[in-house]
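Protein chains in written order, with our numbering: chain F, 1 to 111; chain C, 1001 to 1118.
Each residue gets a CB set at the ideal place from its N, CA and C atoms; glycine is no exception.
Source: prediction; values computed, not measured.
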Amino acid sequence: DAEITQSPRHKITETGRQVTLACHQTWNHNNMFWYRQDLGHGLRLIHYSYGVQDTNKGEVSDGYSVSRSNTEDLPLTLESAASSQTSVYFCASSFTGDEQYFGPGTRLTVT
Amino acid sequence: AQSVTQPDIHITVSEGASLELRCNYSYGATPYLFWYVQSPGQGLQLLLKYFSGDTLVQGIKGFEAEFKRSQSSFNLRKPSVHWSDAAEYFCAVAPLGGSGAGSYQLTFGKGTKLSVIP
């Protein structure tokens, strides 16, 4: 069955370290998205991609970057992790004109 | 900019009782509308969506939602709640029209947590 996976599911890192969260989908969706979920804020869009080599900033992109070298993967990198980036991160994918399918999430703690 | 308001942060209902979760949106035109559910420690699952047509939309797990253009609302309902419905519910909107994935960037409400009393 097609699916969307995220790894790791849990991560603890130190302030200032670079961290990369993986997202992999097997639906061949052209669109991929990264969100963060924080108590009281719901989900907020970090970055999104319409296709290979395309990336765009979302509402809360500062301190994050993404790259899209193939259809299946959209890794999210925190260049220098900060405590304010402690959150639960969700990846999603979709075909244009269709609903978004969400991964199981990655809980990131920055100490 | 579009926005989504879910006025109720937390709702508690008894099992078997009816449920209505409120969602209001602010947007210049009719957007695409969605309800997602998130069980503890899980990702989001789509319950239902409204793109056009009949304003009463049926979803999975016995849920339905009604789009009311005059009230800019898209409230979620269920006639009889089951204990397994305890979860957090998110309303989301995406701009109608345009092209590319940008048309489907979701703006989420802050969520309503549903507790069910056995």
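Quiz item: Under 7 angstroms from any heavy atom of the ligand NAD, does the C-beta of N56/F make it?
Solution: Among the components of this structure there are no ligands whatsoever, and the ligand NAD is therefore not found.
Quiz item: Which two residues bound the contiguous beta strand (DSSP E) that contains K11/F?
Solution: Here residue 11/F corresponds to residue number 11 of the first sequence, with the count starting at 1. Residues H10 to T13.
Self-check item: Interface positions of the region 1058 to 1069 of chain C facing chain F (Cβ-Cβ less than 9 angstroms), listed along the chain
Solution: Against chain F - using a Cβ distance shorter than 9 angstroms - the region 1058 to 1069 of chain C contributes no residues.
Quiz item: Are the C-beta atoms of Q100/F and some chain B residue less than 8 angstroms apart?
Solution: Note that chain B does not occur in the displayed structure, where the protein chains are F and C.
Exercise. Could you tell me which uninterrupted beta strand (DSSP E) segments, each at least 3 residues in length, are contained entirely in the region 1021 to 1103 of chain C, listed from first to last along the chain?
Key: Complete beta strand (DSSP E) runs here, min 3: 1024 to 1026, 1032 to 1038, 1044 to 1050, 1056 to 1058, 1064 to 1068, 1073 to 1078 and 1087 to 1094.
Quiz item: With 16 other CB atoms within 10 Å as the buried threshold, where does T5/F fall?
Solution: Indexing the first sequence from 1 puts residue 5/F at position 5. By the 10 Å Cβ count, T5/F comes out exposed.
Practice problem: Check S84/F in the structure and name its three-state DSSP category. | Solution: Taking the first sequence and counting its residues from 1, one reaches residue 84/F at position 84. The answer is helix: DSSP assigns S84/F an H, G or I state.
Quiz item: What's the C-alpha gap between T1012/C and L1019/C?
Solution: In the second sequence, counting from the first residue as 1, residue 1012/C sits at position 12. In the second sequence, counting from the first residue as 1, residue 1019/C sits at position 19. Going from the Cα of T1012/C to the Cα of L1019/C covers about 9 angstroms.
Quiz prompt | Partner residues on chain F for F1090/C, Cβ-Cβ distance less than 8 angstroms | solution = The sequence position of residue 1090/C within the second sequence is 90, counting from 1. Those within 8 angstroms of F1090/C in chain F are G42 and L43.
Practice problem: Identify, in the order they occur along the chain, each residue of the same chain with its Cβ nearer than 6 angstroms to the Cβ of M32/F, setting aside the five sequence neighbours on each side. | Solution: Looking up residue 32/F in the first sequence gives position 32. Within the same chain, and ignoring the five residues on either side of M32/F in sequence, the residues whose Cβ sits closer than 6 angstroms to its Cβ are S49, L74 and S93.
Practice problem: Please state whether DSSP places W27/F in a helix, a strand or coil. | Solution: Within the first sequence, the letter at position 27 stands for residue 27/F. Here DSSP, grouped into helix, strand and coil, assigns W27/F to coil.
Self-check item: Proximity test, Cβ basis, 8 angstroms: K1110/C and chain F
Solution: Position 110 of the second sequence holds residue 1110/C. Yes, its Cβ sits closer than 8 angstroms to a Cβ of chain F.
Quiz item: Taking C-beta to C-beta, are A1092/C and F1108/C nearer than 8 angstroms?
Solution: Taking the second sequence and counting its residues from 1, one reaches residue 1092/C at position 92. Taking the second sequence and counting its residues from 1, one reaches residue 1108/C at position 108. Yes, the pair counts as a contact, with Cβ atoms nearer than the cut-off.
Quiz item: If you drop the 5 nearest sequence neighbours on each side, which residues of the same chain put their C-beta closer than 6 angstroms to that of V1037/C?
Solution: Residue mapping note: residue 1037/C aligns to position 37 of the second sequence, counting from 1. Cβ within range, chain order: Q1045, L1047, A1087 and Y1089.
Quiz item: Taking the continuous beta strand (DSSP E) assigned at K1110/C, which residues delimit it?
Solution: Working through the second sequence from its first residue, we reach residue 1110/C at position 110. In the DSSP annotation of this structure, K1110/C is not part of any beta strand (DSSP E), being labelled neither H nor E.
Quiz item: Going by beta carbon distance, what residues of the same chain come within less than 7 angstroms of P1007/C, once the five residues before and after it are set aside?
Solution: Translated into positions along the second sequence, residue 1007/C becomes position 7. Correct list, in chain order: R1022.
Quiz item: On the premise that T77/F lies in contact with T109/F, defined as a C-beta separation below 8 angstroms, what is that separation, rounded to the nearest angstrom?
Solution: Counted from its first residue, the first sequence places residue 109/F at position 109. Counted from its first residue, the first sequence places residue 77/F at position 77. In fact, because the Cβ distance is near 17 angstroms, the residues do not count as touching under 8 angstroms.
Quiz item: In whole angstroms, what is the alpha-carbon distance linking H1010/C and K1110/C?
Solution: One-based indexing of the second sequence puts residue 1010/C at position 10. One-based indexing of the second sequence puts residue 1110/C at position 110. Each residue's alpha carbon lies about 11 angstroms from the other.
Quiz item: Thinking just about the alpha-carbon of each residue, which of L43/F, D1/F and R36/F is nearest to the one in T26/F?
Solution: Indexing the first sequence from 1 puts residue 26/F at position 26. Relative to the Cα of T26/F, the nearest Cα in the group L43/F, D1/F and R36/F belongs to D1/F.
Quiz item: Whose C-alpha, out of Y101/F, A82/F and G105/F, is nearest the C-alpha of N30/F?
Solution: Along the first sequence, read from residue 1 onward, the residue named residue 30/F stands at position 30. That would be Y101/F, whose Cα lies nearest to the Cα of N30/F.
Practice problem: Using a Cβ cut-off of 9 angstroms, pull out every chain F residue sitting near F1074/C, in sequence order please. | Solution: As a working note, residue 1074/C is residue 74 in the second sequence. The contacting residues do not exist; F1074/C stays about 15 angstroms from chain F at best.
Quiz item: Residues of chain F with a CB under 7 angstroms from the CB of G1043/C: which are they?
Solution: Indexing the second sequence from 1 puts residue 1043/C at position 43. Here the neighbours are F90, F102, G103, P104 and G105.
Quiz item: Would you say S1039/C and Q1002/C are within 8 angstroms of each other, going by their C-beta atoms?
Solution: Against the second sequence, residue 1039/C aligns to sequence position 39. Against the second sequence, residue 1002/C aligns to sequence position 2. Cβ distance not < 8 angstroms, so S1039/C and Q1002/C don't count as in contact.
Quiz prompt | Listed by chain order, chain F residues near L1046/C by CB distance under 9 angstroms | solution = If you number the second sequence from 1, residue 1046/C lands on position 46. In chain order: E99, Q100, Y101 and F102.
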